[in-house]
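Written out below as structure tokens is the structure these notes cover.
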Amino acid sequence: MFYVEVSGLTKRYDATTVFEDIQLGLKKGEFATLLGPSGCGKSTLLRCLAGLTAADHGQIRVEGQDITHLAPQKRGIGMVFQSYALFPNMTVAENIAFGLKMQRRQPEEMVRRVTEAIRLVELSNKEHHYPHELSGGQRQRVALARALVVEPRILLLDEPLSALDARIRRSLREEIRDIQSRLGLTTVFVTHDQEEALTLSDRIFVMNQGRIVQEGSAETVYTQPATEFVARFMGSYNLLAPAEAKRLLGLELKGHLAIRPESIHLSEPGHSYPAHLGVPLTATIRQHQLLGNIIRYHVEAQGTTLLIDHLNRSADDLLPSGAQIALLIDRQQMREVH
Ligand code: ADP
Ligand code: MG
């Protein structure tokens, strides 16, 4: 049995169906991510879990208990939003203590737990500051501490890093993951950023237009996209239409052929690859992008453009536009998707 179990969950606003018949199971202590494009229903689903929005049909169970109609404060859920949602007229410590005050905890217990939460998010010298005196990353850590201080059964995070700049986003996501795994806290994280989802998650639920279209480990979702949508969404997959797959590789397919850019090998013209490895082709370099440790080549093979990711070992390796190359598409890594 799952720790959190969602079944047949449906939400409509008048004629708009936000999501329909959502099935979802989370294990205790798992870091799960809802990943999908803007508008696919992630926030609404999270709000239904938190009890901030009522679902039309279906059930939410936690530890076997039906919480579908339970008030938000009785669910044992902590939530963090993209917009921090801090009280501007309260200090860091007062913001964090808020939930405990609502629960009418004893003053000594409040002080102890607030101090602990502040230490957990490393804001120990900021407890008497006001939100406007903090950076975005610090404000989000206050919001995280405020959610954690009530010792929730489940932590829900709705795009908590989206408003932060890239460097802070990366360091805070590691902190969140670290705190989550230390506390063994069952967590649902929402994002539209596939890199964020891949780095953080035990399990990813990919959503599109109100449906979960794939569920799996980060590794599985990335290397084995179930549909054309997932392949497109997960990054820079090469997607060959059936006619291109036929022309280039002699394959008769109904769906698209998904090929990851890092599963295409490239070398000097005339290089002959052992035939069992895959399909050899000749191609011309059209352009490249430097992505730090990776060089992403755009090459043309028989009228089809392919992206190839090549490890950037040395500046001497860079191939100029117009260069002819031999390439090999790894047979094991090709996937037909619909
Ligand atoms: P996401 O978080 O994935 O971007 P949302 O859950 O915010 O998606 O929204 C999903 C869809 O539901 C959108 O089309 C949005 O316009 C619609 N929606 C969300 N909240 C409301 C509401 N209160 N009233 C009407 N439509 C809504
Ligand atoms: Mg949203």
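If you use the working numbering, the sequence shown corresponds to residues 51 to 388, in order.
By construction, the Cβ of each residue, glycine as well, lies at the ideal position given by its N, Cα and C atoms.
Note that this is a predicted model, so its numbers are computed, not measured.
Beta-ladder partner(s) of residue i, from DSSP
{"i": "Pro330", "result": "Leu378"}
{"i": "Ser57", "result": "Gln109"}
{"i": "Gly75", "result": "Glu55"}
{"i": "Ile344", "result": "Leu341 and Leu361"}
{"i": "Arg191", "result": "Bridge partners of Arg191: none, in fact."}
{"i": "Ala82", "result": "Val238 and Arg253"}
{"i": "Thr67", "result": "Arg62"}
{"i": "Glu350", "result": "Thr334 and Thr355"}
{"i": "Ser317", "result": "Ala376"}
{"i": "Ile117", "result": "Answer by DSSP bridge pairing: none, since Ile117 is not bridged."}
{"i": "Val171", "result": "Val171 pairs with nothing; no bridge assigned."}
{"i": "His306", "result": "Val387"}
{"i": "Arg261", "result": "Asn258"}
Distance, residue j Cα to residue i Cα
{"i": "Arg196", "j": "Gly101", "result": "18 Å"}
{"i": "Val387", "j": "Gly128", "result": "38 Å"}
{"i": "Leu222", "j": "Pro210", "result": "9 Å"}
{"i": "Pro319", "j": "Ile375", "result": "5 Å"}
{"i": "His177", "j": "Ser57", "result": "Note that residue 177 is Glu in the sequence shown, not His. Distance between the alpha carbons of Glu177 and Ser57 is about 41 Å."}
{"i": "Gln352", "j": "Leu289", "result": "15 Å"}
{"i": "Pro138", "j": "Asp380", "result": "56 Å"}
{"i": "Leu250", "j": "Pro275", "result": "18 Å"}
{"i": "Leu206", "j": "Ile226", "result": "12 Å"}
{"i": "Ser322", "j": "Pro330", "result": "8 Å"}
{"i": "Pro157", "j": "Asn175", "result": "21 Å"}
{"i": "Leu307", "j": "Leu316", "result": "19 Å"}
{"i": "Tyr180", "j": "Ala65", "result": "43 Å"}
{"i": "Leu76", "j": "Pro311", "result": "32 Å"}
{"i": "Pro202", "j": "Gly285", "result": "34 Å"}
{"i": "Glu166", "j": "Ile117", "result": "29 Å"}
{"i": "Val68", "j": "Arg282", "result": "22 Å"}
{"i": "Leu368", "j": "Gly342", "result": "13 Å"}
{"i": "Tyr189", "j": "His182", "result": "Per the sequence shown, the amino acid found at residue 189 is Arg instead of Tyr. Approximately 9 Å, taken between the alpha carbons."}
{"i": "Lys124", "j": "Glu80", "result": "21 Å"}
{"i": "Arg219", "j": "Gly91", "result": "23 Å"}
{"i": "Ser267", "j": "Arg253", "result": "4 Å"}
{"i": "Ile146", "j": "Val199", "result": "7 Å"}
{"i": "Ala295", "j": "Ile110", "result": "44 Å"}
{"i": "Phe279", "j": "Ile72", "result": "18 Å"}
{"i": "Gln173", "j": "Leu194", "result": "For the record, residue 173 in the displayed sequence is Leu; it is not Gln. Distance between the alpha carbons of Leu173 and Leu194 is about 11 Å."}
{"i": "Tyr12", "j": "Arg346", "result": "Because the chain here runs from 51 to 388, residue 12 falls outside it and cannot be looked at."}
{"i": "His326", "j": "Thr273", "result": "21 Å"}
{"i": "Leu361", "j": "Arg261", "result": "36 Å"}
{"i": "Glu159", "j": "Met152", "result": "13 Å"}
{"i": "Leu59", "j": "Glu70", "result": "6 Å"}
{"i": "Ala291", "j": "Pro324", "result": "26 Å"}
{"i": "Leu299", "j": "Leu74", "result": "39 Å"}
{"i": "Val112", "j": "His119", "result": "12 Å"}
{"i": "Gln382", "j": "Lys61", "result": "40 Å"}
{"i": "Asn258", "j": "Leu99", "result": "18 Å"}
{"i": "Ala104", "j": "Thr354", "result": "49 Å"}
{"i": "Leu356", "j": "Leu214", "result": "33 Å"}
{"i": "Ser212", "j": "Gly187", "result": "11 Å"}
Rounded Cβ spacing between residue i and residue j (contact assumed at less than 8 Å)
{"i": "Leu407", "j": "Phe255", "result": "Limits of the chain in this structure are 51 at one end and 388 at the other, which puts residue 407 out of reach."}
{"i": "Val349", "j": "Ala365", "result": "With a Cβ gap of about 19 Å, Val349 and Ala365 do not count as contacting."}
{"i": "Ala82", "j": "Val263", "result": "Not really, about 15 Å apart at Cβ, beyond 8 Å."}
{"i": "Ile314", "j": "Leu378", "result": "7 Å"}
{"i": "Ser371", "j": "Gln337", "result": "6 Å"}
{"i": "Gln132", "j": "Asp208", "result": "6 Å"}
{"i": "Val192", "j": "Leu235", "result": "Going by Cβ atoms, the distance from Val192 to Leu235 rounds to 18 Å, so no, they are not a contact pair."}
{"i": "Arg162", "j": "Leu150", "result": "Contact doesn't hold; Cβ gap of about 10 Å is too wide."}
{"i": "Ile335", "j": "Ala373", "result": "5 Å"}
{"i": "Leu170", "j": "Ile229", "result": "6 Å"}
{"i": "Ile49", "j": "Gly108", "result": "Not covered by the structure: residue 49. The range shown for the chain is 51 to 388."}
{"i": "Val240", "j": "Ser88", "result": "11 Å between Cβ atoms; not a contact."}
What are the complete alpha helix (DSSP H) segments, minimum 4 residues, inside the region 264 to 292?
-> 268 to 273 and 278 to 283
Can you list, in chain order, the stretches of the alpha helix (DSSP H) that have 4 or more residues and sit fully within the region 128 to 156?
-> 142 to 152
Nearest-residue set for ligand 1, Cβ under 5 Å from any heavy atom = Every residue passing the under-5 Å Cβ criterion appears here: Tyr63, Val68, Ser88, Gly89, Cys90, Gly91, Lys92, Ser93 and Thr94.
Hey, which unbroken runs of the beta strand (DSSP E) at 3 residues or more fall wholly within the region 199 to 227?
-> 204 to 208
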